[in-house]
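Engineer: Could you have a look at this structure, given as structure tokens, before my questions?
Residue numbers (the UniProt record's numbering): 1 to 213.
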């Protein structure tokens, strides 16, 4: 009976982290809308979405600690709860970075610049990495988690390409676009999003018991 209750609570934790991930993806979708369609997104809507993610993260952490304190989890259960606890922080941070990205991108006027296309590619890659990290947790799929980690190198490569593009424009332009620093900052946000998605996948490997260090 105790084990059945514990299994139910573990499943609820997994469902909760997936929900937080889904809400985070909603903010990334807002950013994608700006990059792809150029449509504006009300900042109040973005702010409310990020606040909901932060609040859910706190509640999820409390539930993780409560379960560890009140139950007698097996080693595998402890790894899963610890992983979800850590993933909550990484996913929350993705949501915050995505919110900052939406605000900056919405105000940008450089949407025809080559750097914009690179940023759009970085966003698509980072967003898909988040999806993969969450799917790997649902499936307990070590291969998918590892491939998510490996894909962080793609985001890093795109960021290097972005910096090279910006440096080239600064060197060649008689009057460089004053918005180029914004592009670099957005690129840094997206690089960090990739890092946090990869870290989430690393915690999935920990939960499964296969850290592959």
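Every residue gets a Cβ at the ideal spot worked out from N, C-alpha and C, and that includes glycine.
Note that the structure is a prediction, hence the values are computed from the model and not measured.
Exposed or buried, residue 57, counting other C-beta atoms within 10 Å across all chains shown (16 or more means buried)?
Structural biologist: Counting Cβ neighbours within 10 Å, residue 57 comes out buried, since at least 16 surround it.
Engineer: Within 10 angstroms of the Cβ of residue 148, are there 16 or more other Cβ atoms? Answer buried if so, exposed if not.
Structural biologist: Classification for residue 148: buried.
Engineer: By how many angstroms is the C-alpha of residue 193 removed from the C-alpha of residue 3?
Structural biologist: Taking the straight line joining both Cα atoms gives about 36 Å.
Engineer: Just to confirm the assignment: which complete alpha helix (DSSP H) runs, minimum length 4, are found wholly within the UniProt domain "PhoU" (21-102)?
Structural biologist: Within the UniProt domain "PhoU" (21-102), the complete alpha helix (DSSP H) runs of at least 4 residues are 43-70.
Engineer: What first and last residue would you give for the alpha helix (DSSP H) that runs through residue 189?
Structural biologist: Its alpha helix (DSSP H) spans residues 180-208.
Engineer: How is the alpha helix (DSSP H) around residue 113 delimited, first residue to last?
Structural biologist: Segment: none, residue 113 is in no alpha helix (DSSP H) and carries neither H nor E.
Engineer: Taking C-alpha atoms, which residue in 115, 196, 138 and 135 lies nearest to residue 164?
Structural biologist: Checked all of 115, 196, 138 and 135; the closest Cα to residue 164 is 115.
Engineer: Rounded to the nearest angstrom, how far is the Cβ of residue 98 from that of residue 61, given a contact under 8 Å?
Structural biologist: So it is not a contact: roughly 20 Å between Cβ atoms.
Engineer: Would DSSP call residue 140 helix, strand or coil?
Structural biologist: If DSSP states are grouped into helix, strand and coil, residue 140 belongs with coil.
Engineer: Considering only C-alpha positions, which residue in the set 145, 5 and 78 is nearest to residue 65?
Structural biologist: Cα-wise, what sits closest to residue 65 is 78.
Engineer: Which of the three DSSP states, helix, strand or coil, is assigned to residue 5?
Structural biologist: The answer is helix: DSSP assigns residue 5 an H, G or I state.
Engineer: Taking DSSP as the reference, what is the three-state secondary structure of residue 163?
Structural biologist: Residue 163: helix per DSSP, three-state reduction.
Engineer: May I ask you to report which of helix, strand or coil DSSP gives residue 127?
Structural biologist: Helix.
Engineer: What's the call for residue 24, buried or exposed, on a 16-neighbour Cβ count within 10 Å?
Structural biologist: Label assigned to residue 24: buried.
Engineer: Just to confirm, is the Cβ distance from residue 27 to residue 95 under 7 Å?
Structural biologist: Yes.
Engineer: Please tell me whether, using a cut-off of 6 Å, the distance from the CB of residue 197 to the nearest non-hydrogen atom of the ligand FAD is below it.
Structural biologist: With respect to small molecules bound, the structure shown includes none, and the ligand FAD cannot be examined in it.
Engineer: By Cβ distance, which residues of its chain are closer than 7 Å to residue 9, with the 5 residues on each side in sequence left out?
Structural biologist: Closer than 7 Å at Cβ, skipping near neighbours: 67.
Engineer: For the putative contact between residue 38 and residue 130, defined by C-beta atoms under 8 Å, what is the C-beta separation to the nearest angstrom?
Structural biologist: Not quite, the Cβ-Cβ distance comes to about 23 Å (not below 8 Å), so this is no contact.
Engineer: Measure the C-alpha to C-alpha separation of residue 225 and residue 141 and round it to an integer number of angstroms.
Structural biologist: Given that the chain is displayed from residue 1 to residue 213, the structure contains no residue 225 and the question cannot be resolved.
Engineer: Less than 7 Å separating the beta-carbons of residue 153 and residue 201?
Structural biologist: No, these two residues do not count as a Cβ contact at 7 Å.
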